[in-house]
Amino acid sequence: MKQYALYLYSAFVFSTLVLYGNLSINSLSNSQDKTQVNDQDNLNKSGMKFFVHHSKMNSKYSEIGSGVFRNKFIVVSSKKIGGLGNGVDERTNQPYTELFCMDLDGYGTLSNPLLYSRIINTKNNEGLIAFTPDQQTMYFTRAMRETSNNYQLYKTRLQTNSAGNWIDQEKLAISSPNYSIESPHVSADGKTLYFASNMGGTVGGFDIYSAEILSDGTLGQPHNLGPNVNTAQNEKYPYTSPDGESLYFSSEGHNSIGGYDVFVSAIKESYLGTPRHLGTDINSTSNDISFKFIQEDKGFISSDREGSIGSFDIFRFKSQIVYQDIKGLIVDNTNAPIPNANIFLMDGEDNIIERQITGSDSGYKFKIQAYGDYKLKVMKFGFEPLVFDINATESNGGLITENLELVSNGATSVTDN
């Protein structure tokens, strides 16, 4: 086994890092103008910065990251050495894809690639996989050779007290030979399965769907996420943040700067927010897919950008939230300070984030994320309530100054004699 591991490890070239999943290596659109910019004004307005670096575990074949199982990072790759498959996929001119795993340390470094599971891997194309939060259930995708770009969705469970023996495999009823189901992802609360599909009724070619994971483990009716997320182009690779507040996905539409770019949409109670381009720190004019956080501020993305060794390589990234300070005074129409005013920082749905009471100087100060959806509400007896929408752009060195004027309503306090 040690010789096998060493042989497999040496076969990987020490260079870039990218993730390869449910996407056939050459199935990304090559017809799109790679220099297309639909809306330049909305680039680099995600409120985040990214620092992207090559990993050292890529080969001349394709690697796309899929997810984490225990301390292993699972990768879908077309590399052949150590795998079970034989032959070449005529569509991609590369070996059929299989699942590999790599050790993942606390710094986000990958090492020691091995074949992941001889139970899951077959001689056909394997696609992206997803685990439930307790890691007792796996959703995986697989395509048959006669339709190597048509993936079906399966489920399997981990045998009790086993190191990794997956049993009771079943193809889910949602699967069909008439369409493909790709890039599954399970939300952090384990209640929702997200995936991409070109099933009937899509807005574009591939759309992103969600399905409730019911208490008995079955799936509810698939729900198309709608035109706010899905476009006339293709959307794939859904991923939700651990706090359940953000949906990340890759799209050829919206304001992609070329191929698939990564976008983020806020998950609201009854709708999904307008997608925001994650910016040119992490997106390229090539295809950028399978974006995933593995720690609070670290993660992986796959790309076939310039400098990649294979069709897709795995890159690691570190993220940084861009904060802004907003401060000012609460004053009346004579510019006199108003102490003891209640000022609330709220999100776009009027949920209170923080409350302050002005002191004798009537000043306030809040920290917010750049380009976030915020508003201020000010209340003081004797004055009309004031609601102020914040334009949280990156400006003035990270400081926004807004003095807010309250209008008297003529009310006076009553004192009992």
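Under my numbering, the sequence shown has 13 at position 7, and the numbering climbs by one with no breaks. Cβ coordinates follow ideal geometry from the N, Cα and C atoms, glycine included.
The bridge partners DSSP lists for Arg361 are Phe350.
CA-to-CA, the gap between Phe201 and Pro391 works out to about 45 angstroms. Rounded to whole angstroms, Asp287 and Gln375 show a C-alpha spacing of 17 angstroms.
With contacts defined by Cβ atoms closer than 9 angstroms, Asn64 and Asp319 form a contacting pair.
The beta carbon of Asn77 sits closer than 7 angstroms to those of Asp109 and Leu110, all from its chain and outside the five residues before and after it, given in chain order.
Residue pairing by DSSP puts Pro101 in a beta bridge opposite Val94. Rounded to whole angstroms, the gap between the alpha carbons of Ser117 and Ser366 is 59 angstroms.
When secondary structure is reduced to three states using DSSP, Gly264 falls in the coil class, being assigned neither helix nor strand.
By the neighbour-count definition (other C-beta atoms within 10 Å, threshold 16), Leu134 is a buried residue. Contact check for Phe297 and Val268: beta-carbon distance about 5 angstroms, within the 8 angstroms limit, so the pair qualifies. About 18 angstroms separates the Cβ atoms of Gly259 and Ala272, ruling out a contact at the 8 angstroms cut-off. According to the DSSP secondary-structure assignment, Asp319 is paired through a beta bridge with Ser309. Contact between the stretch 291-305 and the stretch 329-336 is not established, with fewer than three Cβ pairs separated by less than 8 angstroms. Counting along the chain, the unbroken beta strand (DSSP E) around Lys381 starts and ends at Asp379 to Met385.
Secondary structure in the stretch 180-237: the beta strand (DSSP E) runs of 3 residues or longer, each lying completely within the stretch, are 187-192, 198-203 and 213-218 in chain order.
Between Ile344 and Thr364, the C-beta gap is smaller than 9 angstroms, which places the two residues in contact. Comparing C-alpha distances from Tyr113 to each of Arg322, Val393 and Gly207 shows the shortest one belongs to Arg322. Secondary structure of Gly112 (DSSP, three-state): coil.
Judged by beta-carbon spacing, Glu355 lies beyond the 9 angstroms limit of Glu241, meaning their Cβ atoms are not closer than that value.
Note on geometry: alpha-carbon atoms of Cys107 and Gln100 lie some 20 angstroms from one another.
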